[in-house]
Every structure is written in structure tokens, then in C-alpha cells.
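Undergrad:
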Amino acid sequence: MGIKRYYATKDNTITNAFEENLLTRGTGSNMGASDILETFVIHGQTSASINARILVEFPIDSIVSDISDGTVPSSSVQYRLKMFNAPHAESVPYAYTLKVSMMSKSWTEGRGLDMDNYSDAGVCNWISGSDGTAWL
């Protein structure tokens with residue numbers, strides 16, 4: 002069987018990193034309209050070592066339909082996430098590990114762009130997934 006590609010339907014970067022003033026966290030910021038996804042850790046800012054999360058949604062209904070139709074086998078399938086590096090001047094780690102988890106709540110992508118000052122507040126952020134509905 003050949004390769005079947007599924008493309009993300011929406012994505013966002015959310016953060017709990019401190020803003021430039023080092024007093025306020027960017028937990029209300031939204032970066033859903035940015036053309037890149039960014040994950041990072043700013044050492045010393047948090048004991049949990051999490052400063053950003055990437056959210057990506059794929060067309061699960063299409064995947065399930067393709068499995069039902071026999072377009073995609075129901076077992077012995079490998080799914081691979083293919084992402085590319087955007088050119089930038091920042092240093093990058095030699096190696097890292099990302100934890101990938103399936104989300105059980107829906108979320109709204111948002112229209113934020115600011116990945117430096119976290120000035121674009123949006124409906125999907127570190128605290129809530131959509132319209133003030135908390136993640137928990």
C-alpha cells in the first residue's frame with residue numbers, strides 16, 4: 002500500500018512563559034495565526050520546565066472513514082508527523098524529546114501572531130481552549 006497524507010486542519014502555540022517584564026506570564030496569549038509552531042523551554046522560569054505547547058488538529062473523521070472504507074488498513078499502520086524547521090537566528094538543541102498526547106477537548110485556533118511579547122490574547126491559550134472554557 003502507498004502513502005496517504007493527512008494535513009493538519011488547525012494549529013496553535015500556547016505558553017506560560019514570563020513576558021519581558023519577568024512579572025507576568027503570557028498565559029492568555031494566542032499564536033494561532035502564526036505561520037510557525039514553536040516549542041521552547043526558558044531554563045529557570047519554571048520548575049516544570051514547560052514554557053510552550055504546540056496544538057495540532059488532524060481530520061480524525063477522514064482517517065476513521067478511510068479505515069472503514071479500506072483505503073487505510075486498520076492495523077500495521079505507521080503514522081508519522083512531518084514538520085520542518087523555519088530559518089531563524091536562535092540556537093537549537095542537539096537533541097530533544099517531545100511528548101505527544103491526544104486531546105479530548107475541542108479548541109479554537111485563534112488569530113494571534115506575537116510569539117515574542119505574547120501581546121495577542123486569544124480564545125485558545127494556556128488557560129482555556131475556547132471562549133473561556135478551562136482545559137480541565
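Using the working numbering, read the sequence shown as starting at 2 and increasing by one per residue. For each residue, glycine too, the CB sits at the ideal point set by N, CA and C.
Evaluate contact between the segment 28-37 and the segment 118-126, counting only Cβ atoms and requiring at least three cross-stretch pairs below 8 Å.
TA: At 8 Å Cβ cutoff, the stretches touch.
Undergrad: For a quick check, are the C-beta atoms of Gly111 and Gly130 less than 8 Å apart?
TA: No.
Undergrad: Assuming the contact rule is C-beta atoms closer than 8 Å, Gly113 and Ala34 should be a hit. Round their C-beta distance to whole Å, please.
TA: Gly113 to Ala34, Cβ: 6 Å. Contact.
Undergrad: Beta-carbon separation of Ile61 and Asn52 under 8 Å?
TA: No; because the gap between Cβ atoms is not below 8 Å, this pair is not in contact.
Undergrad: Per DSSP, what are the beta-bridge partners of Val1 in this structure?
TA: Residue 1 falls outside the range modelled here, since the chain spans only 2 to 137, and no answer is possible.
Undergrad: I need the straight-line Cα distance from Lys83 to Glu20, nearest angstrom please.
TA: So the two alpha carbons sit approximately 30 Å from each other.
Undergrad: Roughly how many whole angstroms lie between the Cα atoms of Lys5 and Val73?
TA: Going from the Cα of Lys5 to the Cα of Val73 covers about 8 Å.
Undergrad: Given this structure, state the Cα-to-Cα distance separating Lys100 from Glu39, to the nearest angstrom.
TA: So the alpha carbons of these two residues sit roughly 14 Å apart.
Undergrad: Whose C-alpha, out of Val93, Trp136, Ile128, Ala135, is nearest the C-alpha of Arg26?
TA: The shortest Cα separation from Arg26 among Val93, Trp136, Ile128, Ala135 belongs to Ile128.
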